[in-house]
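The sequence shown begins at 1 in the UniProt record's numbering and counts up one residue at a time.
Using N, Cα and C, we set each Cβ at its ideal position, and we do this for glycine too.
This structure is a prediction, so every number in the text was calculated from the model and none was measured.
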Amino acid sequence: YPNLSRMAISYLTIPPTSVAVERLFSKGRILISHLRNGLSAASIRALLCLNNWSILGFIKDKDVLSVTREDPSNDAPE
Numbered sequence: 001y002p003n004l005s006r007m008a009i010s011y012l013t014i015p016p017t018s019v020a021v022e023r024l025f026s027k028g029r030i031l032i033s034h035l036r037n038g039l040s041a042a043s044i045r046a047l048l049c050l051n052n053w054s055i056l057g058f059i060k061d062k063d064v065l066s067v068t069r070e071d072p073s074n075d076a077p078e
């Protein structure tokens, strides 16, 4: 399982430089906008990992889209 081992290394290792951390915080700020501030910590981690794995070519965007579904009730303002 070469892709799985690379995913584990990507997820379980600490970035060696602050540049990667700053980039992650920047992506996190885009992800956690005022409209999406109700996401759980687990959801945020999962989305950031999926984004990184997609960029690295471990997964394809179409595969992620095929297993997700939209819930229109989540878009309604409270």
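Ranked by Cα distance from VAL64, the first of LEU56, LEU50, GLY57 is LEU50.
C-alpha of ASN3 to C-alpha of PHE58: approximately 6 Å in a straight line. The Cβ-Cβ distance between SER10 and ASN37 does not fall below 8 Å. Taking 8 Å as the cut-off, the Cβ atoms of LEU48 and LEU24 count as close.
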